[in-house]
Amino acid sequence: MSEQESAGEKSETMPQQVTDPQDPPGGGAGQVEGVVEGVMDQTVFYPVDTVPPVNLMILFGLQQALMTLGGTMSLPFILASLFCPENENEVRAQLFSITMFMCGVATILQCVLGVRLPIIQGGSHVFVAPIVVMMTLDRFKCPTEEMNGLHGNHSLFIPWERRMREVQGNLILASITQVVVGGLGLIGLILRFVGPLTIAPTVSLIGLSLTHVVSEFCEKQWGISLLTVALLLLFSNVIHKVQLPVPAFSLKKKCHLTKLPIFQLFPVVITISIMWVFSFVLTELDVFPNNSTEPSFRARTDSRVDILYDAAWFQLPLPLPFGMPTFSAAGYMGMLAATVASIFESVGDYFTAARFSEAPVPPVHAINRGIFIEGFASIISGLMGAGHATTSYSGNIGIIGITKIASRAVFVTAGAMLVLWGVVGKVGAVLALIPDPIVGGTLLLGLGMVASVGISVLQFCELYSTRNITIIGISFLMGLMLPEWLSENEDFVKTGSADLDQVIKVLFGTASFTGGFIGFMLDNIVPGTAYERGLKRWVEVKSPSQRGDEATLYCIPAIRARMKRLRCCSYFPLSPTFTPGRGKRGLKNHGVKNESFDLKEVKTV
Numbered sequence: 001m002s003e004q005e006s007a008g009e010k011s012e013t014m015p016q017q018v019t020d021p022q023d024p025p026g027g028g029a030g031q032v033e034g035v036v037e038g039v040m041d042q043t044v045f046y047p048v049d050t051v052p053p054v055n056l057m058i059l060f061g062l063q064q065a066l067m068t069l070g071g072t073m074s075l076p077f078i079l080a081s082l083f084c085p086e087n088e089n090e091v092r093a094q095l096f097s098i099t100m101f102m103c104g105v106a107t108i109l110q111c112v113l114g115v116r117l118p119i120i121q122g123g124s125h126v127f128v129a130p131i132v133v134m135m136t137l138d139r140f141k142c143p144t145e146e147m148n149g150l151h152g153n154h155s156l157f158i159p160w161e162r163r164m165r166e167v168q169g170n171l172i173l174a175s176i177t178q179v180v181v182g183g184l185g186l187i188g189l190i191l192r193f194v195g196p197l198t199i200a201p202t203v204s205l206i207g208l209s210l211t212h213v214v215s216e217f218c219e220k221q222w223g224i225s226l227l228t229v230a231l232l233l234l235f236s237n238v239i240h241k242v243q244l245p246v247p248a249f250s251l252k253k254k255c256h257l258t259k260l261p262i263f264q265l266f267p268v269v270i271t272i273s274i275m276w277v278f279s280f281v282l283t284e285l286d287v288f289p290n291n292s293t294e295p296s297f298r299a300r301t302d303s304r305v306d307i308l309y310d311a312a313w314f315q316l317p318l319p320l321p322f323g324m325p326t327f328s329a330a331g332y333m334g335m336l337a338a339t340v341a342s343i344f345e346s347v348g349d350y351f352t353a354a355r356f357s358e359a360p361v362p363p364v365h366a367i368n369r370g371i372f373i374e375g376f377a378s379i380i381s382g383l384m385g386a387g388h389a390t391t392s393y394s395g396n397i398g399i400i401g402i403t404k405i406a407s408r409a410v411f412v413t414a415g416a417m418l419v420l421w422g423v424v425g426k427v428g429a430v431l432a433l434i435p436d437p438i439v440g441g442t443l444l445l446g447l448g449m450v451a452s453v454g455i456s457v458l459q460f461c462e463l464y465s466t467r468n469i470t471i472i473g474i475s476f477l478m479g480l481m482l483p484e485w486l487s488e489n490e491d492f493v494k495t496g497s498a499d500l501d502q503v504i505k506v507l508f509g510t511a512s513f514t515g516g517f518i519g520f521m522l523d524n525i526v527p528g529t530a531y532e533r534g535l536k537r538w539v540e541v542k543s544p545s546q547r548g549d550e551a552t553l554y555c556i557p558a559i560r561a562r563m564k565r566l567r568c569c570s571y572f573p574l575s576p577t578f579t580p581g582r583g584k585r586g587l588k589n590h591g592v593k594n595e596s597f598d599l600k601e602v603k604t605v
């Protein structure tokens, strides 16, 4: 039997693996057929520039949007408790609506105008630390019973909106700084000296440093969390090739049945659905305690049912809901430190998303735009009163490696869903009822994928080199050790300036920044050849399964065509025609010769 005949027989059972990023899967019209089974474990089903059929795109988008809830929904709870409002439940519901809305807006902006990789933008927890510091100032301290008894009434204490306005103002200033950094291409200048020994600890420590966040979700009920992980592993790695008949539609065949690897495409949605129903049954049987002070209470499906009652049916977030923002030097410095840490985490996420999506290495202009748009979205977030900036979510990027769905259109769909959930409060509130242990199980696998892909970047440098092994060990160990030590010895940092103390604590209290910074410094100080450091292979390597053209993937082709006619655009860091000082394109400017490498040709020494 010929290869063409064999492929023809399989065309009814498998989603098409597109070779041209401009051609939609299945030739358009909603067809979802045709891929060679042998590449299922090696390539993504839907590369970045492809558009899945509408019915699948909605489900794929829902899968990513659900993953966003795990990290995002905790922020309104934290901020509401820090601002000390009289009606905390009402404020929490309002902040939840604003947060969902802004996550959706930031995601759409990033995917369409920013770095243009499949990335979800969510609320950043890095900014909680400087907010906590601001709220410890005497003029922002929450009233206590002792203080109430001393002063006799509440009129002497400021309303919670004033605390929010202070956070809003300093967040906006810090985000404007981020816009300037991206607009001037400062990150692109630094990336000339970045190699695998910097990227590996930066990316891996994003996942490893969030172990405490995952454990806080999982510890509520370890049995539910581990069962969630087991189902995810079962669906994504054991029975992922099992194909089930599903209804489909095309102009040629009309309504018909086709077979799809459902477990590979929707492991998160299927797992969350099964575990949510299972938790509901256990809740009805009173297997989990009714006492809210016990950890296992959060495994109940009704543990946060008050959110459902407090959320409004329709609430369109508007700018400046709490009044005009206020500013302070100390607050700005704290927010600026969090912004710098967030920038480096996001750059690491861009590389991770590109590798999971089998896309070319992000060029300098794309990274500059990504940072610029992230700062712009954070300015909007400050104006809308979210109380936090938005940043890329590593857990959602990890899900790409599990589902092999990297379509940009899917992530734009997820962003639209988040906007809808923010406007229609009841919908977002229902999804917020997903028990914490289920969220913890999905985060465990997603962040584990992020940590592993960071380690995999080390394949591009010489791992038999004592120099490289030493740098790797120091950067990873210091990246984990120094933030933990600072959290336990905050009083040890005394430079004489409270603002500088806060900057040091926030920056070096972030594991990914600490590990990446140490790796960056050692890699550029300790002598080593370009080949030993992996610079050539990192910027020039082309994976056999790499899909998409850098010229079309990282910019809108129509805009690029117009900008190419204007020579001045080549000097603008955000322009797709931007040409750095040396080299010809993007990250291919590292002071090394333009030599093309292929994974098949790289030999182990």
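Quick note: the sequence shown uses this note's numbering, first residue 1, plus one each step. We put the CB at the ideal spot given by N, CA and C, even for glycine. None of the values given here were measured: they were computed from a predicted structure.
Does the distance from the CB of residue i to the CB of residue j come in under 8 Å?
i: G441; j: T301; result: no
i: P53; j: A409; result: no
i: D501; j: A329; result: no
i: V179; j: F376; result: yes
i: G659; j: P325; result: Since the first residue of the chain shown is 1 and the last is 605, residue 659 is not available in this structure.
i: G334; j: V506; result: yes
i: D645; j: F217; result: Here the chain has residues from 1 to 605 only, and residue 645 is not among them.
i: V203; j: G454; result: yes
i: G479; j: L205; result: yes
i: V214; j: L443; result: yes
i: A432; j: I307; result: yes
i: V340; j: L59; result: no
i: V48; j: A558; result: no
i: I158; j: L82; result: no
Keeping to the same chain, check which residues put their C-beta closer than 8 Å to that of residue i; ignore five residues upstream and five downstream.
i: P362; result: V115, L117, Y350, F351, A354, G370, Y554, G586, L587
i: C84; result: C142, P143, W160, R163
Apart from the five residues on each side of it in sequence, which residues of its chain come closer than 7 Å, Cβ to Cβ, to residue i?
i: V112; result: V412
i: S575; result: H365, M563, C569
i: F578; result: V364, H365, S570, F572
i: K220; result: P295, S296, R298, A299, D436, P437
i: F327; result: G169, N170, L173
For residue i, collect the residues of the same chain with a Cβ closer than 6 Å to its Cβ; drop the 5 residues on either side in sequence, then sort them by chain order.
i: N396; result: Q64, M67, I120
i: Q606; result: With the chain covering 1 to 605 only, the question about residue 606 has no answer from this structure.
i: M100; result: L418, W421, G422, G428
i: V305; result: none
i: K426; result: A311, W313
i: T107; result: I120, Q121, G415
i: P245; result: L257, K259
i: S303; result: F297
Since residue i and residue j should fall inside the 8 Å C-beta cutoff, what is the C-beta to C-beta distance between them, to a whole number of angstroms?
i: P201; j: C461; result: That belief does not hold up - the Cβ atoms of P201 and C461 are roughly 12 Å apart, past 8 Å.
i: I187; j: I438; result: Rounded, the Cβ-Cβ distance is 36 Å, inconsistent with contact.
i: L231; j: I274; result: 6 Å
i: I173; j: Y332; result: The residue asked about is misnamed: residue 173 is Leu in this sequence, not Ile. Contact flag correct, Cβ pair sits at about 5 Å.
i: S97; j: Q315; result: 5 Å
i: G509; j: V167; result: Contact flag wrong, Cβ pair sits at about 19 Å.
i: R467; j: V526; result: 6 Å
i: V450; j: S487; result: Rounded, the Cβ-Cβ distance is 22 Å, inconsistent with contact.
i: S342; j: V126; result: 5 Å
i: I379; j: S175; result: 4 Å
Kindly examine the ligand SAH and report whether one of its heavy atoms sits closer than 7 Å to the Cβ of residue i.
i: I274; result: Here there are no bound small molecules, and the ligand SAH is not part of this structure.
Taking only the alpha-carbon atoms, compute the straight-line gap between residue i and residue j and give it to the nearest angstrom.
i: S452; j: R162; result: 43 Å
i: V277; j: V364; result: 46 Å
i: V105; j: G385; result: 14 Å
i: V194; j: A337; result: 21 Å
i: T470; j: L463; result: 10 Å
i: R192; j: I556; result: 25 Å
i: L320; j: L383; result: 5 Å
i: L566; j: R560; result: 10 Å
i: I483; j: L458; result: Correcting the residue type first, residue 483 is Pro in the shown sequence and not Ile. Distance between the alpha carbons of P483 and L458: 23 Å.
i: S209; j: P267; result: 25 Å
i: M481; j: L522; result: 17 Å
i: T283; j: L226; result: 18 Å
i: K241; j: Q264; result: 7 Å
i: C103; j: L69; result: 10 Å
i: E358; j: I402; result: 13 Å
i: R92; j: L445; result: 29 Å
Which one or two residues does DSSP pair with residue i in a beta bridge?
i: Y46; result: I405
i: L244; result: L260
i: G122; result: T391
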